[in-house]
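Here our numbering is used: the first residue of the sequence shown is 5, the next is one more, and so on.
Yeah, the Cβ is synthetic: ideal placement off N, Cα and C, and Gly gets one too.
Scroll down for the structure; my scribbles are underneath it.
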Amino acid sequence: PLAELTAEQPVRRAAPFTIVVDASAPWRNPYLLLWLTLANCAPDVDMLTLDDANGKRTTLCDARMKSGWEERRPWPNPVASDLSTINAVDGKWASLGLGPLIPSPSLPIRGYQNGQGAEASRGNDPN
Numbered sequence: 005p006l007a008e009l010t011a012e013q014p015v016r017r018a019a020p021f022t023i024v025v026d027a028s029a030p031w032r033n034p035y036l037l038l039w040l041t042l043a044n045c046a047p048d049v050d051m052l053t054l055d056d057a058n059g060k061r062t063t064l065c066d067a068r069m070k071s072g073w074e075e076r077r078p079w080p081n082p083v084a085s086d087l088s089t090i091n092a093v094d095g096k097w098a099s100l101g102l103g104p105l106i107p108s109p110s111l112p113i114r115g116y117q118n119g120q121g122a123e124a125s126r127g128n129d130p131n
C-alpha cells in the first residue's frame with residue numbers, strides 16, 4: 005500500500021504529482037502507460053497528498069499492480085478483444101478497404117489481464 009511506500013522512503017518533492025508504477029510498465033508507449041496508470045489506481049486508497057519539509061505539497065499515486073485487493077472489492081480486468089476476434093479482423097482487414105493493417109490495440113493490453121472474465125482473477129491466472 006501507499007502508506008508503506010512512503011514509510012520506506014522519504015518523499016522528495018520532484019514534482020507536484022508523482023506516479024509509482026511497476027518496473028514492467030510500458031515506458032515506450034505513453035498512451036498505454038497512462039491507461040495502465042489510471043486502471044491500477046483507486047483514488048480512495050492509492051492517492052495520498054503530502055507536504056514536504058518546506059511546506060510544498062505533492063500528490064502520490066500508487067499505480068502498481070495490487071495484491072490483496074480482492075478482500076476489499078472486485079477489481080475489473082482490462083478490456084481487450086480475444087485472440088479469435090483479433091485474428092478474424094486481421095483476416096478480413098484488406099477486404100474492408102481501410103488502408104494498411106493496423107495492429108490491434110488489444111494486443112499490448114492483453115498482457116495486463118488477470119484471467120479471462122470482466123473481473124480480474126483472484127489468483128495469478130494469466131491469459
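Would you kindly check if the distance between the Cβ of residue j and the Cβ of residue i is under 8 Å?
i, j, result
"Arg114", "Ala67", "no"
"Pro30", "Leu37", "yes"
"Leu3", "Tyr116", "Because the chain in this structure spans residues 5 to 131, residue 3 falls outside the shown range and cannot be described."
"Cys65", "Asp50", "yes"
How long is the line joining the alpha carbons of residue i and residue j, rounded to whole angstroms?
i, j, result
"Leu42", "Gly119", "19 Å"
"Asp33", "Ile23", "The amino acid occupying residue 33 in the given sequence is Asn; Asp does not appear at that position. Those two C-alpha atoms are separated by around 16 Å."
"Asp55", "Ser110", "39 Å"
"Lys70", "Ala57", "30 Å"
"Gly95", "Gly121", "25 Å"
"Ile90", "Tyr35", "20 Å"
"Leu105", "Ser28", "27 Å"
"Ala19", "Pro112", "29 Å"
"Gly101", "Ala92", "15 Å"
"Asp26", "Gly103", "36 Å"
"Ser108", "Ala98", "14 Å"
Quick one: is residue i buried, meaning 16 or more other Cβ sit within 10 Å of its Cβ, or exposed?
i, result
"Asn44", "buried"
"Ala124", "buried"
"Phe21", "exposed"
The segment 52–66 touching the segment 80–91, judged by at least three CB pairs closer than 8 Å: no
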